[in-house]
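If you read the sequence shown in full-length UniProt numbering, its first letter stands for residue 1, the second for the next number, and so on.
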Amino acid sequence: MHDDRPLVEERLERALRQFIRPAQYAARVPLALSVWHAPGEPVPVAEALAETYEPFQAGSDWGKPWSTSWFRLEGQVPREWEGRHVEAVIDPGFTGRGRASRRRAWCTTPRGCP
């Protein structure tokens, strides 16, 4: 019996990449990203929100192992989306390389509320 698993997995991944994932969130708008890297231990939300943030490019490496980085995401919801369910889809990154390859995220409002 032939093992066609690699071929089938490749076809499934291509279908996900070309058709399913793009259709899942069809309407998109860009977000402006900025970052502040906390020196040392994590800090209170109020302190982090008051810091100066620098521009950040999506897909860039960020933070050393066990470090804390705060991100600010800003954007405008188009008027034609009024009345629709709107969400920001954010992937903090998983590279699969090394001990620090996993990221976790905690989101707050501009006032620091979860």
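Here a beta-carbon is modelled for each residue, glycine too, at the ideal position from N, C-alpha and C.
In chain order, what are the residue ranges of uninterrupted beta strand (DSSP E) at least 3 long that sit wholly in the stretch 20–50? 32–37
Helix, strand or coil: which one does DSSP assign to R84? coil
Alpha carbon to alpha carbon, how far is R11 from G93? Give it in angstroms, no decimals. 24 Å
Considering only DSSP beta bridges, list what residue 115 is partnered with. Within the shown structure, residues of the chain are numbered from 1 to 114, placing residue 115 beyond reach of any answer.
Skipping 5 residues on each side, what residues in its chain have a beta carbon closer than 6 Å to that of E74? A32
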